[in-house]
Structures are given as C-alpha cells and as structure tokens.
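Each remark here refers to the structure printed beneath this line.
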Amino acid sequence: MSDPLDTAPDPTAPDATAPDPTAPDPSASEPTAPERPASGGKPGTPSIYEWAGGIDALNRLTEVFYDHVLKDPLLAPVFAGMDPRHPQHVAMWLAEVFGGPAGYTERRGGHPHMAQQHLGRGITEPQRRRWVELLLDTADEVGLPSDPEFRGVFLYYIEWGTRMALIYSGENPPPVDAAEVPVWQWGQTPPWQG
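Here you go:
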C-alpha cells in the first residue's frame, strides 16, 4: 500500500499555491458604495435641473427675469452696465447648482468667480428681497414647475444664495475660494412621480 504523502501530485489538479483568479484581490481597497444619483434621491429620480426643464427652461427664466430687473427701480442700478451674457451665465450657474452640467465651473471658474462678482457691490436687504420676489414671479411667468416639492427646493436655494450674495457684497466678506459650487438636491421632498 502506498503512503498518500509519497504520491506524486496530479498534473490535472489545480495548483493549491497559485492564486484563484476568481477570488477577490486581498490587496485591493475596500469596495466603495455606489455613487448616489445627481438627484440625491432614489435611482430614477430626476435631478432638480431635469425637473425644472434643463438649460432651455433656465435660460428662459433668466432672460425674462433680467429683462424685468433692468426695468425695476430698486434693482436696475445694481445691474447697470450688465454684460449682455449675464442671463446665460446665471442660467449656467443654476444648472450646475441644481445637478446639471458643471459648465459654470468649467467655463467661468466656479464658486470663486461667482463670489468675486458680488464683492464690494453693497447689496441691501431690500434689493435682495426684491430680487427673490421678482425671480419667483418670473418662474411663474415662464412656466417653471409649480409643484410644492420643486418650488420648495428652488426657494430654499434662492434664499440661501441671495443671502450669500449679500454677505459677499458686504464690508467683511469670507474668502472667495472657501467653497465649491453647491449642488442642491431634493432632500426631504423628492418630486411626486405618481
């Protein structure tokens, strides 16, 4: 009888010392969680940008809005001499903020550039409030979605953003390079898709 330890290895058997190509690589880093959709909600939930109607809707909003701004007695002085492309730049900013393409960062310099545009402007609280009011009226006028979920998150950003503009335009602004473009998500109230 032969001793099992003295037998020659079977050439057709897998080599026990060779790594198993199907086994996970022990030197690889831990798996990461999948990225959340830009919507910040469940997969398949549109981003705020998509829900708003994309860049066409935001361009329509800003074109009509800034036409009103230039006729408004409280706001017109703030925007005197405005670059004719300003409405498109703001639409590009809003697109990025609401989860769309990062065009403002790529073409305009992101948050530092936006913040710099407000330095030293001395925006007043009545001007800020009028800007918000006029933008919300324009959103109605151009037909942006009127559902409570969209309007709630839209107003949340507009309030936050205009208050930041007020701070940057004041006497003691924070460093302009302190933040990236914020990206708003649905948060507690994703859109109802019945």
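By this note's numbering, the letter at position 153 of the sequence shown is numbered 258, and the numbering carries on one by one without gaps. Each residue gets a CB set at the ideal place from its N, CA and C atoms; glycine is no exception.
#### Entry: Exposed unless 16 or more other CB atoms sit within 10 angstroms - verdict on W291
With a 10 Å radius around the Cβ and a threshold of 16 neighbouring Cβ atoms, W291 comes out buried.
### Message
Please classify G248 as buried or exposed, where buried requires at least 16 neighbouring CB atoms within 10 angstroms.
### Response
Taking all protein chains shown into account, G248 has fewer than 16 neighbouring C-beta atoms within 10 Å of its C-beta and is therefore exposed.
### Query
Short check: CB of Y273 to CB of H194, under 9 Å?
Not closer than 9 Å, so no.
### Assigned exposure category for M197 - 16 Cβ within 10 Å defines buried
When all chains shown are included, M197 counts as buried.
### Query
Over what stretch of residues does the alpha helix (DSSP H) that includes H223 continue unbroken?
H223 -> no alpha helix (DSSP H), and no H or E assigned at all.
### Task
Classify P136 as buried or exposed, calling it buried when 16 or more other Cβ atoms lie within 10 Å of its own Cβ.
With a pLDDT of only 31 at P136, under the threshold of 50, the placement of this residue in the model should not be trusted; the figure read from the coordinates follows. It counts as exposed.
### Beta-carbon proximity check, E285 vs T210, cutoff 9 Å
Result yes, Cβ atoms of E285 and T210 sit closer than 9 Å.
### Query
Just curious, the alpha helix (DSSP H) that P178 is in, first and last residue?
It is not in any alpha helix (DSSP H) - P178 carries neither H nor E in the DSSP assignment.
#### Entry: Assigned exposure category for N277 - 16 Cβ within 10 Å defines buried
Looking at its Cβ environment, which holds fewer than 16 other Cβ atoms inside 10 Å, N277 is exposed.
### DSSP three-state assignment for R234, whether helix, strand or coil
Helix, per DSSP.
### Task
Could you spell out the range, first to last residue, of the alpha helix (DSSP H) harbouring A70?
No information on residue 70 is available, as it lies outside the stretch 106 to 299 that the chain covers here.
#### Entry: Nearest to R165 (by Cα), restricted to the options L180, H191, T150 and G215
In terms of Cα proximity to R165, the closest of L180, H191, T150 and G215 is H191.
### Query
Looking at the structure shown, is F184 part of a helix, part of a strand, or coil, going by DSSP?
DSSP places F184 in coil when its eight states are reduced to three.
### Message
I'd like the list of long-range same chain contacts for R213, defined as Cβ closer than 8 Å, with 5 residues on each side in sequence excluded.
### Response
Excluding residues within five positions, the ones whose Cβ falls inside 8 Å are H194, M197, W198 and M219.
### Task
Round the Cβ separation of P296 and F255 to the nearest angstrom and send it over; I've been treating them as touching at under 8 Å.
That belief holds up - the Cβ atoms of P296 and F255 are roughly 6 Å apart, short of 8 Å.
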